[in-house]
C-alpha cells in the first residue's frame, strides 16, 4: 500500500528532464511543502494509510531526522505531517538524501 501511494505521488510530481540532483531535490521540497494546505486535505491523505503503515512511515522519519520532538510536532500538525511524508516518499523514490 505504501508503494502504491508513493507511485501515485511520483506521478503527480512534475519531474523535468533536468536530472541535476540539487535541482531535483529542490523541486521535491517545493512539491512537498505545498502538497496540502488544509487540514481536511491532510486528513484525506493520511486516511490512505493503514495504522501500521503510518506507524512504519513515522519510524522511518524518526530514523531519518533522529529527532523525536520534531516528529511529535508533526503529529500535532496534520498539514506539516502530510507534507513531510510526501517529501519523504518522493525523495525515497528518486533516492535523494
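Numbering (my numbering), first residue to last: 47 to 143.
Using N, Cα and C, we set each Cβ at its ideal position, and we do this for glycine too.
- Our two residues, residue 116 and residue 135, have alpha carbons roughly 18 Å apart in a direct line.
- Note that the segment 52–60 does not touch the segment 107–125; fewer than 3 beta-carbon pairs, one per stretch, sit closer than 8 Å.
- Taking a contact as a CB-CB distance under 8 Å, the pair residue 77 and residue 59 counts as one, their CB atoms being some 5 Å apart.
- For residue 57, the enclosing alpha helix (DSSP H) begins and ends at 48–58.
- When the alpha-carbon of residue 123 is set against those of 96, 86, 112, 139, the nearest one is in 86.
- A residue is called buried when at least 16 other Cβ atoms come within 10 angstroms of its Cβ; residue 82 meets this threshold and is buried.
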